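Residue numbers (my numbering): 34 to 341.
Positions of the beta carbon are idealized from the N, C-alpha and C atoms, including for glycine.
Keep in mind it's a predicted model, so treat the numbers as computed, not measured.
The block underneath contains the structure these notes are about, expressed in structure tokens.
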Amino acid sequence: MQKDPAKSTGFFKRLKKGLSKTRKLLSTDINELFAGNRKIDDELLEELEELLITSDIGVRTTMDLIQSISKKSSEISDADQLKKVLKEKILALLNAEKPIPQKIMTTPHVIMVIGVNGVGKTTTIGKLAAKAVASGEKVIIAAADTFRAAAIEQLVIWAQRAGAEIVKHKEMSDPAAVAYDGVEAAIARGADIVLVDTAGRIHTKKNLMEELKKIKRAISKKLPEAPHEILLVLDATTGQNALSQAKLFNDALDVTGIALAKLDGTAKGGIVVSICSMLEIPLKYIGVGEKIEDLQEFDSVQFVDALF
């Protein structure tokens, strides 16, 4: 699923708008730090530390940034210079993630999509399906969140809108069986991509993780090298809670990529920096709105430019 260069400028504008609360928090307050010709000292660094943590960059990542700024304090005399150093350091953190090696692309390419309820999982699947179909790929969506009738209904609508096919069973049926049938249908029909939706809540975290592992095994039973990707959808508005979710899911399932939804309208845009610096999981997609084109592949340079 490739980026559309023609829409990149429009997406940058939406990204910048989506990050406006975080940018306002960072830029305005950084400008105020230097009011009255202040110089960088322990007090100013302490205020900057509080500011970065408030934007959800995270304590550990913030401490790394503060340490870097402290070392360069003699070179920083105003807000613009501080922002420049911050941009450089944040960009280095975003690019320091260790991407998990991709397996050889096989057909069908199976992407298992996971995440708690309410993070935008179903919408993300719909947008990914629409993008893939638009690029000429045949897509099947497996509606394996059988615990919520609304999830199945939403996927049916998204599949129709995207021009994708859907494999679904009755509500409360076995999710693993739906996933298995989805892969089986994709093989039989010559589909390129299978997007497997999954439940986000089943009584307890342990039950949920066991259910997801069962779905993963069912997919592998039909196609041994699958799922090729396990994409975790997180809600940017939940801030550091998203980081906790990522650790939980990754421990159980070896997540291969993250899609960060709802980045628009939150002052917690710093969570992107936290995710990239603390987890060895690539941030693959970010979402800044409801439209299909509002979900794009993550671009670290574009993100940092929109942040300041």
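Where the beta strand (DSSP E) containing residue i begins and where it ends
i: E211; result: The sequence shown places Val at residue 211, not Glu. Per DSSP, V211 belongs to no beta strand (DSSP E); it is in the alpha helix (DSSP H), P208 to R222.
i: E262; result: E262 to D268
i: L316; result: L316 to G320
i: I185; result: Looking at the DSSP string, I185 is not in any beta strand (DSSP E); the run it does join, the alpha helix (DSSP H), is A182 to A195.
i: L52; result: Segment: none, L52 is in no beta strand (DSSP E) and carries neither H nor E.
i: I174; result: V172 to A176
i: E198; result: E198 to V200
i: L328; result: L328 to E330
i: D230; result: I226 to D230
Buried versus exposed, by CB contacts within 10 Å (16 or more), residue i
i: E244; result: buried
i: A177; result: buried
i: A68; result: exposed
i: E262; result: buried
i: R250; result: exposed
i: K280; result: exposed
i: K57; result: exposed
i: T270; result: buried
i: V334; result: exposed
i: T61; result: exposed
i: D327; result: buried
i: G215; result: buried
i: Q193; result: exposed
i: L264; result: buried
i: I190; result: exposed
i: A275; result: buried
i: K201; result: buried
i: L84; result: buried
i: G43; result: exposed
Residue i: first and last residue of the uninterrupted alpha helix (DSSP H) it sits in
i: D75; result: D75 to T87
i: I304; result: I304 to M311
i: V288; result: Counting along the chain, V288 falls outside any alpha helix (DSSP H), and DSSP gives it neither H nor E.
i: E108; result: Run containing E108: none; DSSP gives neither H nor E here.
i: L340; result: S333 to L340
Check whether residue i and residue j have beta carbons under 8 Å apart
i: L316; j: I291; result: yes
i: G302; j: T140; result: no
i: A224; j: V172; result: yes
i: A162; j: A195; result: yes
i: S148; j: L267; result: The sequence given here has Gly at residue 148, not Ser. Yes, these two residues count as a Cβ contact at 8 Å.
i: L296; j: G272; result: no
i: K120; j: A339; result: no
i: V152; j: A285; result: no
i: E21; j: A182; result: Within the shown structure, residues of the chain are numbered from 34 to 341, placing residue 21 beyond reach of any answer.
Neighbourhood of residue i by C-beta, 7 Å cutoff - its chain only, sequence neighbours within 5 removed
i: K105; result: V118
i: N240; result: none
i: T87; result: L58
i: R47; result: V321, G322 and D327
i: E80; result: L66
i: S107; result: none
i: A39; result: Per-residue confidence for A39 stands at a pLDDT of 38, beneath the threshold of 50, marking its modelled position as unreliable; the derived number appears in the next sentence. Within the same chain, A39 has no close Cβ partners at all.
i: M242; result: A285
i: F282; result: I147, L265 and V288
i: E217; result: K255
Beta-carbon contacts of residue i that lie in its chain and below 6 Å, excluding the five residues immediately before and after
i: P260; result: V143, M145 and I252
i: I325; result: K160 and A163
i: S310; result: T94 and L126
i: A112; result: I63, N64 and F67
i: I99; result: L78 and E82
i: I16; result: As shown, the chain starts at 34 and ends at 341. That puts residue 16 outside it, with no answer to give.
i: R234; result: N150
i: A232; result: D178 and F180
i: A300; result: K54, T55 and L58
i: D75; result: none
i: L312; result: A279
Chain-order list of residues whose beta-carbon lies under 8 Å from that of residue i (same chain, five-residue window excluded)
i: I109; result: I73, I102, L115 and V118
i: M96; result: E82
i: V306; result: I90, G91, T94, I123, L126 and L127
i: D230; result: V146, K154, T155, I158, I174, A175, A176, A177, D178, A184 and L188
i: F45; result: Q335, D338 and A339
i: K247; result: P208 and A209
i: I308; result: L267, A275, L276, A279, I291, L293, I314 and L316
i: S206; result: T179
i: K254; result: Y213
Quiz item: Which runs of the beta strand (DSSP E) spanning at least 3 residues fall entirely within the region 137-169, listed in chain order?
Solution: 142-147
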